[in-house]
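With the working numbering applied, the sequence shown closes on residue 255, and no number is skipped along the way. Reviewing the structure listed below.
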Amino acid sequence: MNRPAAYILDLDGVVYHGRTVIPGACESINRLRSSGSRVVFLTNNATRTREAIARRLVDMGIPCDAGDVISSAYAASVYIKEKYGSSTIYPVGEQGLVEELKRAGHVIREQDADYVVAGLDREFTYGKLTLALDLLMNGAGFIATNTDAMLPTEHGFLPGAGSMVAAIQAASGVVPDVIGKPNKPIMDVLLKEYGMRSEECVMVGDRLETDILAGIMGGMRTVLVLTGASGIEDIESSGLRPDTVLDSIADLE
3 MNRPAAYILD LDGVVYHGRT VIPGACESIN RLRSSGSRVV FLTNNATRTR
53 EAIARRLVDM GIPCDAGDVI SSAYAASVYI KEKYGSSTIY PVGEQGLVEE
103 LKRAGHVIRE QDADYVVAGL DREFTYGKLT LALDLLMNGA GFIATNTDAM
153 LPTEHGFLPG AGSMVAAIQA ASGVVPDVIG KPNKPIMDVL LKEYGMRSEE
203 CVMVGDRLET DILAGIMGGM RTVLVLTGAS GIEDIESSGL RPDTVLDSIA
253 DLE
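In structure tokens form, the structure reads like this:
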């Protein structure tokens with residue numbers, strides 16, 4: 003079997019847990035790079051810019067540039083730019099989402115926006131919901147960075163972006179275009195960004211319903227690591243079959 007052109011790695015549950023690097027992750031990533039494969043970090047996290055995500059990895063001892071990261075915030079900004087051009091956007095999200103949208107040439111505003119873009123917002127309020135509802139009722143488009151229901155932390159789970167998206171959808175009746183894993187837009191952005199073909203890539207993740215499903219639908223080989231959300235017992239019930247199951251990223255060769 004030919005060496006993969008790239009390994010696409012999820013972050014939380016694959017490379018680290020919260021602020022703790024998973025044992026062997028740094029060595030495994032260095033080994034993959036030394037073998038000639040590219041390593042790309044693919045995350046549904048829309049709260050940080052690509053630069054901030056890269057800095058966090060560097061602080062953990064993993065060499066990384068912003069160009070090695072694709073986030074759902076970045077993918078959303080590219081998706082809108084390529085499909086609709088520079089647009090006016092009301093973001094329901096945190097500073098990382100706002101910055102990625104601005105860098106793509108979009109204008110941020112609350113009134114008369116072309117699109118509502120929703121992601122994780124830990125300061126989500128009734129006022130923000132009302133603004134989003136008003137825009138959607140007046141014809142704005144609705145885009146979600148991702149619909150992950152929960153956010154893993156070192157202390158358990160917190161409400162994820164899907165909670166904000168669901169509230170806006172319930173109020174407005176408008177179904178969003180969803181960018182992040184397991185959906186096609188983020189995978190299209192990934193492949194175009196690096197000029198790769200899906201069959202050249204291996205998707206490595208800890209969640210069957212996002213990471214592994216994204217890889218399967220995208221035509222990639224898939225590896226499930228058992229250091230995160232999904233366990234070996236979940237494979238049968240999910241109906242999703244990764245090509246390989248490993249105890250952790252440390253076993254990836």
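Cβ coordinates follow ideal geometry from the N, Cα and C atoms, glycine included.
Report the residue from the options whose alpha carbon sits nearest the alpha carbon of residue i.
| i | options | result |
| --- | --- | --- |
| Gly217 | Met198, Ala48, Asn185, Leu103 | Asn185 |
| Ala115 | Asp123, Val60, Ile91, Leu131 | Ile91 |
| Thr212 | Gly26, Asp136, Ser74, Gly20 | Ser74 |
| Arg40 | Thr229, Gly197, Glu238, Leu215 | Gly197 |
| Arg105 | Ser79, Ile55, Val204 | Ser79 |
| Cys28 | Ile64, Leu242, Gln113 | Ile64 |
| Glu255 | Ser239, Asp208, Ser36 | Ser36 |
| Asp70 | Asp179, Glu125, Leu13, Phe126 | Leu13 |
| Asn47 | Ile181, Lys85, Ile31 | Ile181 |
| Asp190 | Met219, Ser240, Val177 | Met219 |
| Asp123 | Gly233, Val100, Gly175 | Val100 |
Kindly list the residues whose CB is nearer than 6 Å to the CB of residue i, restricted to its own chain and excluding five residues on each side of it in sequence; keep chain order.
| i | result |
| --- | --- |
| Leu153 | Leu160, Gly162 |
| Arg111 | Thr90 |
| Phe126 | Met166 |
| Ser30 | Ile251, Ala252, Leu254 |
| Tyr86 | none |
| Leu34 | Tyr9, Val41 |
Are the CB atoms of residue i and residue j nearer to each other than 8 Å?
| i | j | result |
| --- | --- | --- |
| Ala68 | Arg52 | yes |
| Leu248 | Val42 | no |
| Thr224 | Asp253 | no |
| Glu201 | Gly221 | yes |
| Asn148 | Lys183 | yes |
| Val227 | Ile251 | yes |
| Gly98 | Thr49 | yes |
| Ala231 | Gly15 | yes |
| Leu44 | Ile24 | no |
| Gly305 | Gly95 | Since the displayed the chain opens at 3 and closes at 255, residue 305 lies outside it and no answer follows. |
| Met167 | Ala142 | Contrary to the premise, residue 167 reads as Val rather than Met in this sequence. No; because the gap between Cβ atoms is not below 8 Å, this pair is not in contact. |
| Leu131 | Ala169 | yes |
| Ala54 | Cys66 | no |
Assuming residue i and residue j form a contact by the criterion Cβ under 8 Å, report the distance between their Cβ atoms to the nearest whole angstrom.
| i | j | result |
| --- | --- | --- |
| Tyr9 | Met62 | Tyr9 to Met62, Cβ: 17 Å. No contact. |
| Leu103 | Val118 | About 12 Å; that fails the 8 Å criterion. |
| Leu138 | Phe144 | 6 Å |
| Ala151 | Gly164 | 4 Å |
With a CB to CB cut of under 7 Å and the five nearest residues on each side skipped, what residues in its chain are close to residue i?
| i | result |
| --- | --- |
| Gly38 | Arg5 |
| Gly107 | Lys83, Ser88 |
| Leu215 | Pro184, Leu242 |
| Cys203 | Pro6, Ala7, Ala8, Ile10, Met222 |
| Ser240 | Leu210, Glu211 |
| Val177 | Gln171 |
Closer than 8 Å, CB to CB, is residue i near chain B or not?
| i | result |
| --- | --- |
| Leu228 | Checking the listed chains, one finds no chain B in this structure; it contains a single protein chain. |
What does the Cβ neighbour count give for residue i, buried or exposed, with the cut at 16 atoms within 10 Å?
| i | result |
| --- | --- |
| Tyr81 | buried |
| Pro93 | buried |
| Val206 | buried |
| Gln171 | buried |
| Glu238 | exposed |
Spatial neighbours of residue i within its chain, please: CB distance less than 8 Å, with the 5 preceding and 5 following residues excluded, ordered by chain position.
| i | result |
| --- | --- |
| Thr229 | Gly15, Val16, His19, Ile24, Asp208, Asp249, Ser250, Ile251 |
| Glu156 | His19, Gly20, Arg21, Thr22 |
| Val60 | Cys66 |
| Arg58 | Arg50 |
Do residue i and the ligand SAH come close, with the Cβ less than 7 Å from some heavy atom?
| i | result |
| --- | --- |
| Gly95 | The model on display carries no ligand, and the ligand SAH is accordingly not part of it. |
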